[in-house]
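Written below as structure tokens is the structure these notes are about.
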Amino acid sequence: MTYQGRGRPAKDKPAQIHYQLSGRAYSQLDKTADARLKVGMFILATNETDEKALDMETLLTNYKAQQK
């Protein structure tokens with residue numbers, strides 16, 4: 325706690341409290357990358373056997389439209 329001025333502070337004088345934190349950010353990058361890969365992938369399957377009938381972009385768009 326710090327007070328402005330010298331000597332004993334008055335009773336109604338608020339004290340100023342200063343905090344200082346120190347630390348270090350730490351991340352296990354290999355585990356973070358593995359987790360992102362697992363979250364970012366899913367299987368999208370169809371019964372359509374003709375690859376030219378539905379391209380991947382159309383298939384994904386149709387799949388996402390079902391969830392609305």
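Sequential numbering from 325 applies to the sequence shown in the numbering used here.
Ideal Cβ positions, reconstructed from N, Cα and C, are used throughout, including at glycine.
Taking Cβ to Cβ, would you say Leu383 is nearer than 8 Å to Thr370?
Along the sequence shown, one-based indexing puts residue 383 at 59. Along the sequence shown, one-based indexing puts residue 370 at 46. Yes, Cβ-Cβ distance for Leu383 and Thr370 is below 8 Å.
Is the beta carbon of Tyr387 less than 8 Å from the beta carbon of Leu368?
Position 63 of the sequence shown, counted from the start, is the residue given in the question as residue 387. Position 44 of the sequence shown, counted from the start, is the residue given in the question as residue 368. Yes, the pair counts as a contact, with Cβ atoms nearer than the cut-off.
Note down the Cα distance separating Gln340 from Arg348, rounded to an integer number of angstroms.
Taking the first residue of the sequence shown as position 1, residue 340 is located at position 16. Taking the first residue of the sequence shown as position 1, residue 348 is located at position 24. So the alpha carbons of these two residues sit roughly 27 Å apart.
Ends of the alpha helix (DSSP H) at Lys355?
Locating residue 355 in the sequence shown gives position 31, counting from the first residue. Where Lys355 is concerned, the enclosing alpha helix (DSSP H) stretches over 353 to 363.
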